[in-house]
Amino acid sequence: MTDSKTALVTGASRGIGAAIALGLAQRGYDVALNGLPNQDHNLSQVATDIRALGQRAEVYHADVSNHTQVNSMAAAILHDFAKIDAIVNNAGILIAGAVDGLPEDAWDSVMDVNAKGSFMVIQSFLPAMKARNYGRIVNIASIGGKHGAPEQAHYSASKAAVMGFSRVLAQEVGPMGITVNCVCPGIILTEMGRVNLEDPQVRNAWQEKTALARIGDPEDVVGPVAFFASDESAFVTGQTLNVDGGIVFS
Numbered sequence: 001m002t003d004s005k006t007a008l009v010t011g012a013s014r015g016i017g018a019a020i021a022l023g024l025a026q027r028g029y030d031v032a033l034n035g036l037p038n039q040d041h042n043l044s045q046v047a048t049d050i051r052a053l054g055q056r057a058e059v060y061h062a063d064v065s066n067h068t069q070v071n072s073m074a075a076a077i078l079h080d081f082a083k084i085d086a087i088v089n090n091a092g093i094l095i096a097g098a099v100d101g102l103p104e105d106a107w108d109s110v111m112d113v114n115a116k117g118s119f120m121v122i123q124s125f126l127p128a129m130k131a132r133n134y135g136r137i138v139n140i141a142s143i144g145g146k147h148g149a150p151e152q153a154h155y156s157a158s159k160a161a162v163m164g165f166s167r168v169l170a171q172e173v174g175p176m177g178i179t180v181n182c183v184c185p186g187i188i189l190t191e192m193g194r195v196n197l198e199d200p201q202v203r204n205a206w207q208e209k210t211a212l213a214r215i216g217d218p219e220d221v222v223g224p225v226a227f228f229a230s231d232e233s234a235f236v237t238g239q240t241l242n243v244d245g246g247i248v249f250s
């Protein structure tokens with residue numbers, strides 16, 4: 001029996017989340033995959049792909065913005081895997097809309113999933129991590145949380161909240177051997193990322209703004225996340241890393 005590291009990836013059904021889950025499995029992690037019930041087909045396929053690599057994968061349905069569901073998921077994962085070494089909070093949504101016409105429920109939904117969801121997932125696993133004096137927490141933020149874009153004020157606010165939360169959490173749990181870092185993807189070709197890419201002129205404009213002169217793929221995010229999830233980053237905490245091909249330089 002191998003002594004694999006274990007990781008939870010939220011929002012693992014597609015895009016960046018699926019790529020991270022597979023990338024961690026390729027690096028020897030067993031993976032707990034989180035998503036919604038209506039994403040079960042995609043989640044099951046990711047699980048199948050991970051098992052083909054010789055690693056364990058299990059699917060857990062939970063809305064990360066629902067306290068009861070998150071706690072139930074955490075209990076099930078800790079029962080099944082006995083431990084979680086790394087948490088990757090990737091689940092997120094984007095509902096575009098200008099501030100002057102933005103419905104209150106759109107603001108609430110984005111903040112609940114992106115910001116509160118990360119908080120609740122982490123809170124549910126912290127006792128187990130503290131008991132082991134070990135943990136790697138990686139929160140997927142966004143360059144949008146640093147600079148933002150029109151019609152994404154609520155998304156930008158939610159991702160800025162994730163970064164601020166992560167900096168404080170890193171200070172609270174550092175003495176217990178737990179690190180907390182953020183990865184800030186740029187323009188990545190995913191279903192959600194296409195909000196920024198549907199217009200060819202907009203897509204070309206983003207490419208021209210990017211030092212590497214291309215749009216990112218989900219796989220481009222995997223390496224930085226794997227670094228923060230590993231012991232290679234044992235002395236790195238409270239940091240945010242832009243993974244954007246060269247758009248934001250701060």
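The sequence shown begins at 1 in UniProt numbering and counts up by one.
Note that the Cβ used here is the ideal one computed from N, Cα and C, for glycine as well.
Given the structure is predicted, the values throughout are model-derived calculations rather than measurements.
So, are the CB atoms of residue i and residue j less than 8 Å apart?
i	j	result
Leu197	Tyr155	no
Val46	Ala18	yes
His169	Ile140	The sequence given here has Leu at residue 169, not His. Not closer than 8 Å, so no.
Ala229	Ala86	yes
Pro218	Leu241	no
residue 263	Gly216	In the structure as shown, the chain begins at 1 and stops at 250. Residue 263 is therefore absent and cannot be evaluated.
Gly97	Glu151	yes
Gly238	Gln171	yes
Ser124	Ala205	no
Pro62	Ser72	The residue asked about is misnamed: residue 62 is Ala in this sequence, not Pro. Taking 8 Å as the Cβ cut-off, Ala62 and Ser72 qualify as a contacting pair.
Met176	Lys130	yes
Asp40	Val59	yes
Leaving out five residues on either side along the sequence, give the residues of the same chain with a beta carbon under 7 Å from the beta carbon of residue i.
i	result
Val113	Val64, Ser65, Ala91, Gly92 and Ile93
Met120	Val64, His67 and Val70
Asn191	For the sequence presented, residue 191 should be read as Glu rather than Asn. For Glu191, where only same-chain residues beyond five positions count, the Cβ hits under 7 Å are Arg14 and Gly15.
Arg132	Lys83
residue 251	The chain is shown only over 1 to 250; residue 251 falls outside these bounds and no answer can be derived.
Candidates the options: which alpha carbon is nearest residue i's?
i	options	result
Pro103	His41, Ala153 and Ala57	Ala153
Ser44	Arg136, Ala98, Thr237 and Arg14	Arg14
Ser166	Arg136, Pro150 and Gly186	Arg136
Thr179	Arg203, Ile16, Lys116 and Asp231	Asp231
Ile50	Glu172, Gly148, Ala25 and Gln39	Ala25
Thr10	Cys182, Asn89 and Val236	Asn89
Gly54	Ile20, Arg27, Arg203 and Gln39	Arg27
Gly174	Met163, Phe235 and Gly35	Phe235
In chain order, what residues of the same chain have a beta carbon less than 8 Å from the beta carbon of residue i, not counting five sequence neighbours either side?
i	result
Met111	His154, Ala157, Ser158 and Ala161
Gly23	Glu219, Val222, Gly223, Val225 and Ala226
Leu78	Ile84, Phe125 and Ala128
Ser233	Arg136, Thr179, Asn181 and Phe227
Looking only at its chain, what residues have a beta carbon closer than 6 Å to the beta carbon of residue i, apart from the 5 residues adjacent to it on each side?
i	result
Val99	Ala153
Gly117	Val64, Ser65 and Ala91
Ser109	none
Cys184	Ala141, Ser142, Ile143, Thr240 and Asn242
Arg203	Leu197
Does the beta-carbon of residue i, which I'm using as the reference point, lie nearer than 7 Å to any heavy atom of the ligand FMN?
i	result
Ala226	The ligand FMN is not part of the structure shown, which contains no ligands of any sort.
Q. In chain order, which continuous runs of the alpha helix (DSSP H) of length 4 or greater are located wholly inside the region 107-184?
A. 117-132 and 153-173
(Q) Does the contact criterion of 3 or more C-beta pairs under 8 Å hold for the region 6-16 versus the region 29-44? (A) yes
Q | beta strand (DSSP E) runs wholly inside the region 184-239, at least 3 long, in chain order | A | none
Q) Should the region 202-213 be regarded as contacting the region 230-247, the criterion being three or more beta carbon pairs within less than 8 Å? A) yes
Q.
To test your reading of the DSSP string, which unbroken alpha helix (DSSP H) runs of 4 or more residues are found completely within the region 64-93?
A. Runs found: 67-81.
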